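Written below as structure tokens is the structure these notes are about.
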Amino acid sequence: MTRSEGLTLFTAAAAFAALAALPFVTEGFYLTLAVNMALYIALCTAWTLFSGPTHLVSLATAAFFGIGTYSVAIGIEILPFPLLILCGGVAGALFAALVGAATLRVSGAYFVIFTLGLAELTRQVVAYLQTKVFGSMGLFVLTDHGEGDLFRYLLGLIAAIFLVGWLIGRARLGFAMRVIGNDEVVARHFGIEVARSKVILFMVSGAFIAMVGAIMAPRYAYIEPQSAFNPTMSFLVVIMALLGGTRRLWGPLVGVVPFTIVADFISANFPDHFNVIIGLAFLAVVYLLKDGVTGAIEQALGRRRRAASVTGEGRA
Amino acid sequence: MMIRRATLGLALGAMLIGGQAIAGSVKIGVSAPKSGPQAGAAGAVYWPTIELWAENVNKAGGIDVGGEMMTVELVEYDDKSAPEEAVKNIQRLATQDKVDFLAAPYSTGINLATAPLIAKAGYPQIVATGNLNDLEPFVQKWPNTFWLLGRATDLSTGIVGTLSEMRDAGEIGNKVALVHVADAFGLEMMAGGKPALEAAGFEIVYETSYPLGTQDLAPVISGAKEAGPDAFVAYSYPPDSFALTEQAQVQGFNAKVFYVGVGGALSGFGQRFGDAVEGVMAMGGVNPEDPAYEAFRKEHIELTGVEPDYWANPVVYASMEILKQAIERVGSLDREAVIAEIQGGTFETVIGEVSFDNNIVGQVWNVGQWHDGVFHGINAKGIEPAAEPFVKPAWPN
Chain A
-15 MTRSEGLTLF TAAAAFAALA ALPFVTEGFY LTLAVNMALY IALCTAWTLF
35 SGPTHLVSLA TAAFFGIGTY SVAIGIEILP FPLLILCGGV AGALFAALVG
85 AATLRVSGAY FVIFTLGLAE LTRQVVAYLQ TKVFGSMGLF VLTDHGEGDL
135 FRYLLGLIAA IFLVGWLIGR ARLGFAMRVI GNDEVVARHF GIEVARSKVI
185 LFMVSGAFIA MVGAIMAPRY AYIEPQSAFN PTMSFLVVIM ALLGGTRRLW
235 GPLVGVVPFT IVADFISANF PDHFNVIIGL AFLAVVYLLK DGVTGAIEQA
285 LGRRRRAASV TGEGRA
Chain B
85 MMIRRATLGL ALGAMLIGGQ AIAGSVKIGV SAPKSGPQAG AAGAVYWPTI
135 ELWAENVNKA GGIDVGGEMM TVELVEYDDK SAPEEAVKNI QRLATQDKVD
185 FLAAPYSTGI NLATAPLIAK AGYPQIVATG NLNDLEPFVQ KWPNTFWLLG
235 RATDLSTGIV GTLSEMRDAG EIGNKVALVH VADAFGLEMM AGGKPALEAA
285 GFEIVYETSY PLGTQDLAPV ISGAKEAGPD AFVAYSYPPD SFALTEQAQV
335 QGFNAKVFYV GVGGALSGFG QRFGDAVEGV MAMGGVNPED PAYEAFRKEH
385 IELTGVEPDY WANPVVYASM EILKQAIERV GSLDREAVIA EIQGGTFETV
435 IGEVSFDNNI VGQVWNVGQW HDGVFHGINA KGIEPAAEPF VKPAWPN
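As given, the protein sequences belong to chains A and B, one line each in that order. So that you can map any letter, position 86 of the first sequence is 70 in our numbering, and since no number is skipped, the others follow by simple counting. So that you can map any letter, position 377 of the second sequence is 461 in our numbering, and since no number is skipped, the others follow by simple counting.
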């Protein structure tokens, strides 16, 4: 570990510790806003683990999220909640493995459409199973977990996602993914097992998204297919992640935080015009910030660095 | 440019004033879909009715709170049809806006998701747009929730009661064609409706389901027609309720009873089919000749420009009437006392006299039938039906 990495790690740990104290400061609206923010930070970062390096836009977020939610709904009477979060993760990973093995050969636009269909398919299958096996449409998740608990769980999960993402980036898998993302043919010539690498990453990403779903289950209180498998969520995740930029692990973070705050301001003050304003804002982002906020930051930094080196050469 | 800036300034000024509590007003928080998949339905049966209620209360001088007349001020947010947004809105209403009371959110799922927070803040939650088969565990955990649509089983089995009544009167035979939309709602209705039909001794001669959002319902109707049933029962959603009725007409499928699910009680349903709607049955209902409903209907059209339906709009209105009457009887804005009053009291509303038994309403309109262009409740629990069921005449063409 280099010194700068150590510093980053220390800063991150301090930031997480400070945030974990938030529920003691506020119990009401700001905590709820923080939970929503943490929810999307976790989702977007987990999404970026896979879609960032591979450049494959996945709209299956809702499918994994729902699987996690249902893992909790089915097991809440039997197992303790933290264990169920892990079960949700395992279920998500298994599902990703199954789906990934069959479909990651599909690329580009086909993959996008496939994942969208997948979320819908999962919803229908769960709806079917629930009536035939469980005999009712919804399942209660009645716990005593308040917003503060959910926030801490999410925070812990975000830390885990960042840690895993960082480790992958340093490992052979991360290198392989960067090569695959840039050119699959080259990657194959290198002897990289493209399909296997993709499936592993898809599983990691899917497991984390499912765990987010599991953590959020107590907030839904009543789990039914429409709310657990909400397609809007899949789209929001893509929008926020792209706003932040997917080249860096922390990219989604800088996307989600401003997005949530601005979206909240708009929906509080212009409840009747939310979609219009968000639509315009999104167009502006796509036109003005092609690589997201992180892209803009890096470009600015790069320009300064270039400027510095140019003047340096001038002196020599 | 100047004008635009001036209007913007005015708008901002109005916003600031709106954000502050006006002395002597009761603040009521409303969070429901203005966007997202549920926005269309909420825009028809929820928002205009809530606004009409506030307008009517204020026109009459306000709510009588212990002798002081307090006007109603609505604080509205869009929940985007999503639970996490709804949860945030409720938090904002409770802890930022500090509203005195809430209108219950829209749809079953969101009412359930927000219930823990609403309970924590201590507000009564009178649910007018959601129900379940299994309400007891919920009411036990959150005794501040009230269920104005009753249990889902009431709705699904209402038509069975109507069919039995008609069979016993010798008007129809024993054969039923049963179809449903393959979605949460359709399945929940089937879970109650099918066993009830079988227990009542009806023979299900045709049964099928169709996926949500299907455009082509011709095969469903032709299948049902071939089976030659006395009654056609469809647990359907608004788009398919319209499409099934249209197909039945096109194919000349004349069952003696033709019943569709949600959407059949909409005024637009009656207008769409004109004279052909005579005798069609559907989920929901009200007593359309009740003077309270007649007045409500007239005002609704005048003020909001939206024609109310014969089911959901009046129930939403009733939920707000109950809240107002409970506050007036208690004589203060004490939420705990208001909840206790709703639990035990009886209320005069646009859907008739209403009371709660263990927080679940005792009076539910289940089935209605179109007659002379008006939808009459013909099967109800705890209320006198508004009319007798009759055999549907053949389609006019």
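Note that CB positions come from ideal geometry on N, CA and C, so glycine has one too. Being a predicted model, the structure only gives us computed values, none of them experimental.
Query, Result
"Assigned secondary structure, Leu123(A) (DSSP; H/G/I helix, E/B strand, else coil)", "strand"
"Every unbroken alpha helix (DSSP H) within the region 329 to 396 of chain B, with a cutoff of 4 residues, ordered by chain", "351 to 357 and 375 to 388"
"Within chain A, the residues that Met118(B) reaches when beta carbons sit closer than 8 Å", "Looking at the sequence shown, residue 118(B) is not Met but Lys. Here the neighbours are Pro255, Asp256 and Phe258."
"Start-to-end residues for the alpha helix (DSSP H) that takes in Thr430(B)", "Where Thr430(B) is concerned, there is no enclosing alpha helix (DSSP H), although the beta strand (DSSP E) it sits in stretches over Thr430 to Thr433."
"Nearest candidate by alpha-carbon position, reference Met195(A), set Thr16(A), Ala30(A) and Gly(-10)(A)", "Ala30(A)"
"Lys143(B) classed as buried or exposed, judged by whether at least 16 other C-beta atoms fall within 10 angstroms", "exposed"
"Close beta carbons around Met273(B), own chain, < 8 Å, minus the five adjacent residues each side", "Ala236, Leu239, Ser240, His264, Tyr319 and Gly345"
"Residues bridged to Phe440(B) (per DSSP)", "Val445(B)"
"Closer than 8 Å to chain A by CB, Glu220(B)", "no"
"Within-8 Å CB hit, Ser251(A) to chain B", "yes"
"DSSP bridge partner residues for Tyr94(A) (one or two, in chain order)", "Tyr94(A) is not bridged to any residue."
"Strand pairing of Phe316(B), partner residues [DSSP]", "Ala261(B) and Phe342(B)"
"Pairwise C-alpha distance: Glu220(B) and Glu425(B)", "20 Å"
"Interface residues of the region 149 to 172 of chain B facing chain A [CB-CB below 8 Å]", "Glu160, Tyr161, Asp162, Lys164, Ser165, Ala166, Pro167, Glu168, Glu169, Val171 and Lys172"
"Distance, Ala75(A) Cα to Ile423(B) Cα", "42 Å"
"Alpha carbon of Ala105(B) to alpha carbon of Glu157(B), nearest angstrom", "Since pLDDT at Ala105(B) reaches only 42, below the 50 mark, its modelled position is unreliable, and the value read off the structure follows with that caveat. Using only the alpha carbons, I get a separation of about 9 Å."
"Positions along the region 202 to 233 of chain A whose CB lies within less than 7 Å of some CB in chain B", "Arg203, Tyr204, Ala205, Tyr206, Glu208, Pro209, Gln210, Ser211, Asn214 and Thr216"
"Proximity to Phe8(A) [Cα-Cα], best of Phe243(A), Phe135(A), Thr127(A) and Lys182(A)", "Phe135(A)"
"Val159(B) vs Ile134(B) beta-carbon contact at 8 Å", "no"
"For Thr106(A) and Val90(A), the rounded distance between their alpha carbons", "19 Å"
"Short CB-CB distance (under 8 Å) between Lys465(B) and chain A", "no"
"Val458(B) to Glu386(B) span [Cα, whole Å]", "19 Å"
"Chain A contacts from the region 315 to 347 of chain B (Cβ-Cβ distance under 8 Å)", "none"
"CB contact check: Pro200(B) to chain A, cutoff 8 Å", "yes"
"8 Å Cβ cutoff, Ala197(B) in contact with chain A", "yes"
"Where Lys340(B) falls, given that 16 or more other Cβ within 10 Å makes a residue buried", "buried"
"Cβ shell of Cys28(A) (< 6 Å), same chain only, five flanking positions each side left out", "Val221, Met224, Ala225, Pro236 and Val240"
"Residue range of the unbroken beta strand (DSSP E) whose run includes Asn463(B)", "Val458 to Lys465"
"Short-range partners of chain B found in the region 28 to 53 of chain A, where Cβ spacing is below 7 Å", "none"
"Continuous alpha helix (DSSP H) assignments of at least 4 residues falling wholly in the region 145 to 193 of chain A", "156 to 166 and 168 to 174"
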